[in-house]
Amino acid sequence: MFKTILRWLGFVAPPARSMRAPRQLDELAPLRSAPEPEAAANPQRALSFVCRQEILDRREQIAGYQFSLTRDLQSPLLEKSARLRKVHDDTLLHSLSPLAASSMLGERFALVRLSAASLSNPRLTALANRNVVIMLTAATAVEADLAALRVTLQRLQDVGVKHGWSIERPFPGLREFLAKATLVEIDTTAFDGMQLKEMCSDLPAARARPALLASQIQSVDDFSHCYHSGFDYFSGPFVCSHQNWHPPKSEVNRLLVFEVLNMIRSGSEFGIVANRLRNDPILTFKLLRYINSPGIGMLKRIDKVL
Numbered sequence: 069m070f071k072t073i074l075r076w077l078g079f080v081a082p083p084a085r086s087m088r089a090p091r092q093l094d095e096l097a098p099l100r101s102a103p104e105p106e107a108a109a110n111p112q113r114a115l116s117f118v119c120r121q122e123i124l125d126r127r128e129q130i131a132g133y134q135f136s137l138t139r140d141l142q143s144p145l146l147e148k149s150a151r152l153r154k155v156h157d158d159t160l161l162h163s164l165s166p167l168a169a170s171s172m173l174g175e176r177f178a179l180v181r182l183s184a185a186s187l188s189n190p191r192l193t194a195l196a197n198r199n200v201v202i203m204l205t206a207a208t209a210v211e212a213d214l215a216a217l218r219v220t221l222q223r224l225q226d227v228g229v230k231h232g233w234s235i236e237r238p239f240p241g242l243r244e245f246l247a248k249a250t251l252v253e254i255d256t257t258a259f260d261g262m263q264l265k266e267m268c269s270d271l272p273a274a275r276a277r278p279a280l281l282a283s284q285i286q287s288v289d290d291f292s293h294c295y296h297s298g299f300d301y302f303s304g305p306f307v308c309s310h311q312n313w314h315p316p317k318s319e320v321n322r323l324l325v326f327e328v329l330n331m332i333r334s335g336s337e338f339g340i341v342a343n344r345l346r347n348d349p350i351l352t353f354k355l356l357r358y359i360n361s362p363g364i365g366m367l368k369r370i371d372k373v374l
């Protein structure tokens with residue numbers, strides 16, 4: 069009791085996170101980007117059915133993980149067969165039961181994607197943990213009875229199970245549910261830059277805005293756009309590649325930029341302007357990168373200057 073009071077006052081350092089926790093987490097769900105462990109190196113270690121992907125915050129620190137079954141256990145039939153999806157979800161929940169021990173995650177959170185049919189799974193109550201968030205897709209709200217879904221989510225919330233939503237396509241009818249969500253994940257490959265900004269600006273209107281996760285980020289330009297749009301967390305191939313979020317800038321030939329601008333203002337033919345641009349690969353690269361950035365919202369990627 070006295071140690072707790074002294075810790076609150078800052079006289080006693082908080083207990084250090086056990087060194088076993090990261091090792092236990094790696095055994096439960098190896099990182100998706102990590103190399104496959106060699107069986108000969110540790111014959112006692114059982115292969116896991118579950119993997120995890122890092123989620124980074126705005127400080128470029130790991131804030132949490134998204135857990136899923138390994139790619140070998142994923143199937144296109146999951147979205148077509150409700151029964152197969154329930155089996156998939158039950159296997160995932162059973163494998164993640166050790167997450168009930170919060171020491172394994174530390175201060176990081178865990179996202180677990182489930183279908184609406186699995187919200188009555190008795191294993192869910194074991195994940196009533198401040199670190200665990202059950203993620204639902206927008207399609208769930210379409211397929212499920214909204215009244216029943218509303219009651220189910222409230223029941224889970226009452227026992228301490230948090231939930232969030234994964235948005236893979238525009239769905240205006242979801243606003244009511246988003247207001248009560250802990251986190252909202254937006255698939256950045258499903259929307260253009262203007263749509264992403266609009267969705268981010270709409271959510272703060274909610275009484276308590278949920279945290280925003282930009283997923284499936286493919287490049288540094290995608291990340292930059294999502295960062296400046298106000299997202300709280302980031303995931304996807306670019307994030308997991310551990311590339312520099314702020315690469316050094318290459319100098320552009322300013323004289324050439326002014327020359328090209330003058331050519332455009334004077335009405336020069338586009339073929340002549342394109343030929344002038346092609347003489348500078350850095351300027352051509354930056355121009356194409358800008359044209360293909362999420363903020364422009366091009367429906368088709370432009371790969372070269374004609």
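In this text, residue positions in the sequence shown follow my numbering: the first is 69, and each later residue adds one.
Each residue gets a CB set at the ideal place from its N, CA and C atoms; glycine is no exception.
Discussion item. For a quick check, are the C-beta atoms of T250 and G232 less than 7 Å apart?
Written reply: yes
Worksheet item: Where does S136 fall in DSSP's three states?
Response: strand
Discussion item. So, under 8 Å CB-CB, L93 and M172 are touching, yes? Tell me the CB distance rounded to an integer number of Å.
Written reply: 5 Å
Discussion item. Suppose you measure from the CA of N183 to the CA of L137; what does that come to, to the nearest Å?
Written reply: For clarity, residue 183 is Ser in the given sequence; the question names Asn instead. Their Cα atoms are separated by approximately 14 Å.
Practice prompt. Have a look at K354 and Q311 and give me their C-alpha separation to the nearest angstrom.
Written response: 19 Å
Worksheet item: Is there contact between the segment 297-310 and the segment 123-130, where contact requires at least three CB pairs shorter than 8 Å?
Response: yes
Item to complete: Evaluate I340 with the Cβ neighbour count: other Cβ atoms within 10 Å of its Cβ, from every protein chain shown; 16 or more gives buried, anything less gives exposed.
Response: exposed
Worksheet item: Alpha carbon to alpha carbon, what distance is there between G241 and I235?
Response: 12 Å
Worksheet item: By Cβ distance, which residues of its chain are closer than 8 Å to A206, with the 5 residues on each side in sequence left out?
Response: W233, S234, I235, E236, R237, F239, L242
Worksheet item: What did DSSP end up calling Q390 once you bin it into helix, strand or coil?
Response: Since the displayed the chain opens at 69 and closes at 374, residue 390 lies outside it and no answer follows.
Worksheet entry | Residues near N360 in its chain [Cβ-Cβ closer than 8 Å; skip 5 each side] | D289, M366, R369, I370
Worksheet item: Can at least three beta-carbon pairs, one atom from the segment 323-331 and one from the segment 285-303, be found at a separation below 8 Å?
Response: no
Item to complete: Check the C-beta distance from M331 over to R344 and give it rounded, since I have them as a contact under 8 Å.
Response: 7 Å
Discussion item. Let me confirm a value: F177 is counted as buried when at least 16 other C-beta atoms fall within 10 Å, else exposed. Which label applies?
Written reply: buried
Worksheet entry | Other residues of its chain near N159: CB distance less than 7 Å, five sequence neighbours each side excluded | The question names Asn, but residue 159 in the sequence shown is Thr. If we look at T159 and ignore the five residues flanking it on each side, its Cβ neighbours are F117, L137.
Item to complete: Identify whether Q92 lies in helix, strand or coil by the three-state DSSP scheme.
Response: helix
Discussion item. Let me check understanding here. Comparing Cα to Cα, which of H293, G261, G298 lies closest to R277?
Written reply: G298
Worksheet item: Hey, would you say A282 sits closer than 7 Å to T256, going by beta carbons?
Response: yes
Practice prompt. Note down, in chain order, each residue of its chain lying with its Cβ closer than 6 Å to the Cβ of V180, except the 5 sequence neighbours on either side.
Written response: F135, I202
Item to complete: Kindly indicate the opening and closing residues of the beta strand (DSSP E) around M203.
Response: 200-205
Worksheet item: Hey, which unbroken runs of the alpha helix (DSSP H) at 4 residues or more fall wholly within the segment 255-305?
Response: 261-270, 288-297
Fill in: N-terminal and C-terminal residue of the beta strand (DSSP E) that V118 is part of
118-125
Worksheet entry | Euclidean distance between Cα positions of G261 and V328 | 27 Å
Practice prompt. Could you tell me the boundaries of the alpha helix (DSSP H) in which S163 lies?
Written response: 150-163
Item to complete: Can you tell me the Cβ-Cβ gap for A194 and S165, rounded? I've got them flagged as a contact below 8 Å.
Response: 6 Å
Fill in: Simplified DSSP assignment, three categories, for S171
helix
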